[in-house]
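Going by the numbering used here, 330 is the number at position 318 of the sequence shown; the sequence numbering is gapless.
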Amino acid sequence: MSNMLNEIEKLPDDFIEVKADQLLELLGRPTLIHLQGENPRPLFICTLLHGNETTGFYAVQKILKKYQQQKLPRSLSIFIGNVEAAAVNLRRLDRQADFNRIWPGTEEDYLAEAHMMKQVVEIMSEKNVFASIDIHNNTGLNPHYGCINVLDKKYLALAGLFSNTVVYFTSPKGVQSAAFARICPSVTLECGQSGQMDGVSHAAGFLDMVLNMDDFSVDVPEHINLYHTVARVYVPEKYSFGFSDDATINFYPDIEMYNFVELGSGKLFASIEPESQAFLQVLDDNDKDVSDEYFSVVNNQIVLAKTVMPSMLTVNTAAIRQDCLCYLMEKISIPDQRL
Ligand SMILES: [Zn+2]
């Protein structure tokens, strides 16, 4: 039994009014809140796994305000993740693990935080969870999109209710949506940048829709554009980088414009300091180094070596160091053999 987790059956006073950075004071630690609704099978909503991604929390507040005077159509279990990081508006504290890399399936299953996440999955599994929604933001210019970890009709339908853009990924390991995908339809929502009201409204509208659904016997929307994440791109730690001309790796300043755009081979990503031999490291789904397959260096410029579509590209240097530069995707057709 993890003693990190706070499990409660009633909303704390002020919960629907506080700001995300006040949750540490209000809750003290990661908290799982169970609320009773008409249908006893709970919808699971996960927020603030990354402390500076507040859209999910504010969307939850919006829903709870709506149902303040009426019974929830379905029971709701809300997990409020990294309240310590939220208090200082960071993805995570330096001493902490990334809260979205330590769910069952993680390689870091020895961590205390990983035990807590395992406990959350077990609790929700016992409650026969209806569906799982984990809500995130990113730092670059990206559309709102849903991510799934299983190519199954119910999962596609769930993600397709949020956005026409759906990303299928199996790496990195230890993410929340992949852990829950083993027990119920599960999606990660990417709601654009934190602090934008349209992301909060969009996420809240989606949560309300799912709360009111009886089952997932809906058709997969035909308009879905489905992408498969095939690799992640990192800046090797030994190189300085930036977006002008004074670092070892100098990225194309408008690189965020590349997100969700199909780019051909030869597309410029960065220029490098001559003779530095700097490069971008690319790891595939199995963490195999495939750098040479995706990038080449020509005349001190790092260019794409094949056609891909990036996502999550950002000019936020801290995000690049803490997470990665971007993901690379390929468009895939919606598989029908399992539908
Ligand atoms: Zn996140």
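Don't be surprised by glycine CBs; every beta carbon is placed ideally from N, CA and C.
Inter-residue Cα distance where the pair is Met225 and Phe56: 14 Å
If you count every other CB in all the chains shown that lies within 10 Å of the CB of Leu238, and 16 or more means buried, which is it? Label assigned to Leu238: buried.
Cα-Cα, which of Gly49, Ala97, Phe228 and Leu275 is closest to Ile75? When only C-alpha atoms are compared, the closest one is Gly49.
Check whether Leu153 and Asn112 have beta carbons under 7 Å apart: Against a cut-off of 7 Å, the Cβ pair of Asn112 and Leu153 comes out as no contact.
To the nearest angstrom, how far is the alpha carbon of Thr67 from that of Thr319? Separation of Thr67 and Thr319 (C-alpha to C-alpha, rounded to the nearest whole angstrom) is 33 Å.
Expected contact under 8 Å - CB spacing of Val223 and Leu84 to nearest Å: Val is not the amino acid found at residue 223; the sequence shown has Leu there. Distance from Leu223 to Leu84 at the Cβ level is roughly 7 Å; contact confirmed, criterion being Cβ atoms closer than 8 Å.
Give the straight-line distance between the Cα atoms of Leu23 and Glu125, rounded to the nearest whole angstrom. Spanning the alpha carbons of Leu23 and Glu125 requires a straight line of approximately 23 Å.
In three-state DSSP terms, what is Gln349? Annotation note: pLDDT 48 at Gln349 (below 50); position unreliable, coordinate value reported separately. Gln349: coil per DSSP, three-state reduction.
Closer than 8 Å is the cut-off here; do at least three beta carbon pairs connect the segment 281-295 with the segment 119-134? no
Ligand 1 and Glu285: does the residue's C-beta get closer than 6 Å to at least one heavy atom of that ligand? no
Is the CB-CB distance between Asn271 and Ser206 below 7 Å? Note that the C-beta distance between Asn271 and Ser206 is not below 7 Å.
If you run the structure through DSSP and keep just helix, strand and coil, what is Lys343? strand
Rounded to a whole number of angstroms, what is the C-alpha to C-alpha distance between Pro197 and Ser89? When rounded, the distance between both Cα atoms is 15 Å.
Relative to ligand 1, is the shortest distance from any of its heavy atoms to the C-beta of Tyr148 smaller than 6 Å? It should be pointed out that residue 148 corresponds to His in this sequence rather than to Tyr. Checking the Cβ of His148 against ligand 1 gives yes.
In the DSSP assignment, find the unbroken beta strand (DSSP E) run with Glu50 in it and report its ends. Gly49 to Thr59
Under the three-state reduction of DSSP, which class applies to Met16: helix, strand or coil? coil
Ranges of the alpha helix (DSSP H) found wholly within the segment 63-139, counting only runs of at least 4: With a minimum length of 4 residues, the unbroken runs of alpha helix (DSSP H) contained wholly in the segment 63-139 fall at 67-78, 95-99 and 124-138.
Restricting to Cα atoms, I'd like to know which of Met129, Val247, Gln334 and Val199 is closest to Phe142. The residue with the shortest Cα to Cα distance from Phe142 is Val199.
Residue(s) in a DSSP beta bridge with Val294: Val245
Pick from Glu19, Glu96 and Thr260: whose alpha carbon is nearest that of Ile135? Glu19
Assuming contact is defined by CB atoms lying nearer than 7 Å, are Ala193 and Val232 in contact in what I supplied? No, these two residues do not count as a Cβ contact at 7 Å.
Using DSSP's beta-bridge definition, name the partner residues of Val199. Ile145
At a Cβ threshold of 7 Å, is Tyr79 touching chain D? No chain D appears in this structure, which consists of one protein chain only.
Measuring CA to CA, which of His214, Arg86, Pro248 and Ala243 is closest to Glu305? Ala243
Leu351 versus Phe228: straight-line alpha-carbon distance, rounded: With a pLDDT of only 46 at Leu351, under 50, the local geometry of the prediction cannot be trusted, and the value read off the model is given with reservation. Computed Cα separation, rounded: 12 Å.
Quick one: residues in its chain with C-beta nearer than 6 Å to the C-beta of Tyr339, no 5 flanking neighbours on either side, listed in chain order? Residues Thr241, Arg244, Ser323 and Met324 of the same chain have their beta carbon placed closer than 6 Å to that of Tyr339, with the five preceding and five following residues left out of the count.
Which value, in whole angstroms, describes the spacing of the CA atoms of Pro52 and Lys139? 9 Å
Looking at the structure shown, is Phe281 part of a helix, part of a strand, or coil, going by DSSP? Strand.
Under the criterion of a Cβ to heavy atom distance below 6 Å, does His62 qualify as lining ligand 2? Ligand 2 is absent from the structure shown, which contains only ligand 1.
Delimiting residues of the beta strand (DSSP E) encompassing Ser3: In the structure displayed, the chain extends from 13 to 351; residue 3 sits before or after that span and is not available.
Please check the pair Gly63 and Asn15, which I expect to be a contact at CB under 8 Å, by giving their CB distance rounded to whole angstroms. 21 Å between Cβ atoms; not a contact.
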